[in-house]
Each structure stands twice: as structure tokens, then as C-alpha cells.
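Chemist:
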Amino acid sequence: MALLELEAVTAFYGASQALFGVGLTVGEGECLALLGRNGMGKTTTIRAITRMLPHRGGRIVFDGHDLGRLPSHRAAQLGIGLVPEGRRCFPNLTVEENLTAAARPGPWDRAAVARLFPRLEERRRQRAASLSGGEQQMLAIGRALMTNPRLLILDEATEGLAPVVRQEIWVAIRKLKSDSGFAILVVDKSLKELRAVADRFSVLEKGESVWTGAGDSLTGDLVERYLGV
Ligand code: ATP
């Protein structure tokens, strides 16, 4: 059984429908890349999984629990760790406080996060607002890890970062995949980097799942049709 399974999920912002039938699975230890052009519903799908935007139709099952039947705070406790678009750390708290505030029992503690991102340890007494964009992104990933999730969701984790910093983040993501055996759901624009980490790809178009498969079958004309590059 998959760790996460979405089946024909629909979701609305008020009266406006954003998801028209999203279906995907993420298995234990698997990395799924969610792709699609701007506005196709990637972030909304993530909001539905994390219960920020409750879905209306279809089913979302995580670790055997039907999330539609659980209150949102219970869903978070099941072990879904989110690195949201735009990072969203607490700007006035220090690095250390940001990490500690997220902590739940498990192997990912401050020492483990410091091994992954030594720079965060060096800056532990700095306010999050004073960090560089790349460091804030590391902190956002560190916070998600401190919740000791079973599924890590990364929404545009490298957006707006300098190429060298992007590389650092990708190295960390690849390490998480290979060393920790996390299940990962990742949204990003870099197909090249995604190919290096994702086991499978799932494409959204206009709020609907239109293609799923392995990276090597995501070839030129599919890329052109669905991603428009
Ligand atoms: P991007 O790559 O630009 O982040 P995306 O694939 O993540 O795009 P979503 O942000 O999920 O796309 O948007 C899906 C649809 O829902 C779009 O039509 C968008 O305009 C709409 N939408 C997104 N957020 C809201 C909101 N808060 N209120 C109303 N409509 C929204």
C-alpha cells in the first residue's frame, strides 16, 4: 500500500474550482516529482494534502488514514512535513528557536539538522529575518525535518536562489533521499535536478492529473506538451 494516495481529488477556492481530479501515489521511501506549468494546481494539491485547503471530492489517504475524515491538526500529527513555498520561517525567532518550535520526537533533532546544514548551526543565535535566502530555505527544510515526518513535501524549495545555493539545497535533498529513506513529494521547475532525485513524475494540467511515469519516459514531446519548454 502506498504511504500517500490521492484519488480524483477536487478542491475549490470559494466558488472557483482549482483541482478537477488529481490522482497520485507516493510509496514508502519513494520520491515523486509533481510537475506542471504555472497555475496548474501543484501548490493547491499540496495544500489539500496538508489540510490547509480541505478537498471537496475524491480521497486523500495517508498511512491508511482517510484525511477527509480527520480534523486538520490530527492530519499534521500523522507525519507530513511541509517546506512551504516562500519558506515562512518565524522572522523574529532565532534559528534555534525556529527549529525547537517545530520539534517532535524522533531521529531528526538539532544535531542531525546541523550535520545536514552546518551553516544553520553557525547562525543558531541569529534571527531568521537576518539570514540569506538560501539559509532561510535551509531553515525551512530543517524545521520540516524537526517534525520527524514520514513524508517530506518540498514546494519550490530552490526558487529565487542563486545557482550555487540551489546546488547546496539539491545536494541536501539527494542526501535525504539516499540516506534517510524519506518519502518525498517535490515541486520544482528544474527538470534536470528532478531527474536526478525523483523515482517517478506526475504531471498536472488545469488541476487534473494527466501523466504519470518514470523520468526516462518523460521525453521531448511530453515535456513540450505539458511543461511548455
Ligand atoms: P505556480 O507554479 O504558479 O505556483 P501551481 O501549479 O502551484 O502554480 P496553484 O497555485 O495551485 O498552481 O494554482 C491553481 C489555480 O488555483 C490557479 O488557477 C490559481 O489562480 C488558483 N489559486 C491559487 N491560489 C488561490 C487562492 N488563494 N485563491 C483563489 N484562487 C487561487
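Counting in full-length UniProt numbering, the sequence shown runs from 1 upward without gaps. In this text, a Cβ means the ideal position worked out from N, Cα and C, and glycines have one as well.
(1) Quick one: is the Cβ of T147 within less than 7 Å of any heavy atom of ligand 1?
(2) Counting pairs of Cβ atoms below 8 Å between the stretch 215-226 and the stretch 61-68, do you hit three or more?
(3) At 4 residues or longer, what runs of the alpha helix (DSSP H) sit wholly inside the stretch 23-104?
(4) Where R195 and G215 are concerned, what is the direct C-alpha to C-alpha distance, given to the nearest angstrom?
(5) If you draw a straight line from the C-alpha of L99 to the C-alpha of L139, how long is it?
(6) Around the Cβ of T219, are there at least 16 other Cβ atoms within 10 angstroms (buried) or fewer (exposed)?
(7) Can you have a look at R69 and say buried or exposed, based on whether 16 or more other CB atoms are within 10 angstroms of its CB?
(8) Give me the residue from E7, A103, A2 and I141 with the minimum Cα distance to V210.
(9) Kindly confirm or deny that the stretch 38-45 and the stretch 9-21 touch, where touching means at least three C-beta pairs closer than 8 Å.
(10) Please state whether the Cβ-Cβ distance between K175 and V197 is less than 8 Å.
(11) In angstroms, rounded to a whole number, what distance separates the CA positions of L35 and A15?
(12) Could you pull the start and end residues of the alpha helix (DSSP H) that R225 belongs to?
(13) Determine whether the beta carbon atoms of V83 and A157 lie at a separation below 8 Å.
(14) CB-CB under 7 Å to K206, same chain, minus the five flanking residues each way: which ones, in chain order?
(15) Let me know the secondary structure DSSP gives S217 once reduced to three states.
(16) For G21, list the residues DSSP reports as bridge partners.
(17) Compute the distance between the beta-carbons of R166 and Q136, then report whether it is under 8 Å.
(18) Determine, using beta carbons only, whether L185 and L151 come nearer to each other than 8 Å.
(19) Check E156 in the structure and name its three-state DSSP category.
(20) Using only CA atoms, which one of A183, G133 and F182 lies nearest to P163?
Modeler: The short version:
(1) no
(2) no
(3) 42-49, 72-77 and 95-102
(4) 6 Å
(5) 8 Å
(6) exposed
(7) exposed
(8) E7
(9) yes
(10) no
(11) 25 Å
(12) G220 to L227
(13) yes
(14) F20 and M40
(15) helix
(16) E208
(17) no
(18) yes
(19) coil
(20) G133
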